[in-house]
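Engineer: Under this note's numbering, the residues of the sequence shown are numbered 2 to 138, in order. Note that CB positions come from ideal geometry on N, CA and C, so glycine has one too. Everything numeric in this text was worked out from a predicted model, so none of it was measured. Mind having a look at this structure? Questions to follow.
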Amino acid sequence: MRVISKLILTLSVATAVGFAADAQKSELQKDMAAQEGAMSVIQKGLLYGSKDTVAEGVKALKEANRVAALKDHLPSYLPDGKKALYKNAMQQGESVNKNAEIMLKALSENRFKDAFESYGKLLNSCNTCHVVIRSWK
Numbered sequence: 002m003r004v005i006s007k008l009i010l011t012l013s014v015a016t017a018v019g020f021a022a023d024a025q026k027s028e029l030q031k032d033m034a035a036q037e038g039a040m041s042v043i044q045k046g047l048l049y050g051s052k053d054t055v056a057e058g059v060k061a062l063k064e065a066n067r068v069a070a071l072k073d074h075l076p077s078y079l080p081d082g083k084k085a086l087y088k089n090a091m092q093q094g095e096s097v098n099k100n101a102e103i104m105l106k107a108l109s110e111n112r113f114k115d116a117f118e119s120y121g122k123l124l125n126s127c128n129t130c131h132v133v134i135r136s137w138k
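In structure tokens, the structure reads:
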């Protein structure tokens, strides 16, 4: 009877740990999907010359960019085996927000070329993090 109880307890703990990992992964996936959607809105706004659409996309991007907001808790947000890379992820997350602000300022001054350049830098920050975190090198 004790063996069965231990087996049931072990399976219960393993299942709970699995669900926690899935919840963390789902949270990360939701945030990344929201950022991707925001980037699409920004790009559409830039292509159509709509400052309001770009501003809407930047707002959504900043809300979804939890990498920059998590700071000390960032390692727990990253996938297993990638937690040591949190400083790189933090730098890129902060760079996303910085370039988004530079882009908005350029648009407010009708410097569309500069806004597109900032969008490119913003996208490069996303890609840099993805290359490192996903081991695409």
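Using CA atoms only, rank isn't needed, just tell me which of ARG112, LEU105, SER77 and LYS72 is closest to GLN93.
Structural biologist: LYS72
Engineer: Can you tell me which of the three DSSP states SER77 falls into?
Structural biologist: helix
Engineer: Can at least three beta-carbon pairs, one atom from the stretch 120–127 and one from the stretch 30–50, be found at a separation below 8 Å?
Structural biologist: Yes, the stretch 120–127 touches the stretch 30–50.
Engineer: Please say whether ALA56 and GLN36 have beta carbons closer to each other than 8 Å?
Structural biologist: no
Engineer: Measure the Cβ-Cβ separation of ASN139 and ALA69 and say whether it is below 8 Å.
Structural biologist: Within the shown structure, residues of the chain are numbered from 2 to 138, placing residue 139 beyond reach of any answer.
Engineer: Is there a Cβ from chain B that is less than 8 Å from the Cβ of ASP81?
Structural biologist: Protein chains in the displayed structure number just one, and chain B is not present.
Engineer: Would you mind sorting VAL132 into buried or exposed? The rule is 16 or more other CB atoms within 10 Å of its CB.
Structural biologist: exposed
Engineer: Does GLY46 pass the burial test, meaning 16 or more other C-beta atoms within 10 Å, or should it be called exposed?
Structural biologist: buried
Engineer: Measure the beta-carbon distance from ALA1 to CYS130 and round it to whole angstroms, keeping in mind my assumption that it falls under 8 Å.
Structural biologist: Since the first residue of the chain shown is 2 and the last is 138, residue 1 is not available in this structure.
Engineer: So ARG67 is in the alpha helix (DSSP H); what residue range does that whole segment cover?
Structural biologist: Secondary structure note for ARG67: its alpha helix (DSSP H) is the uninterrupted segment 67–71.
Engineer: Enumerate in chain order the residues of its own chain whose CB-to-CB distance from GLY50 is below 8 Å, with the five nearest sequence positions on each side excluded.
Structural biologist: PHE113
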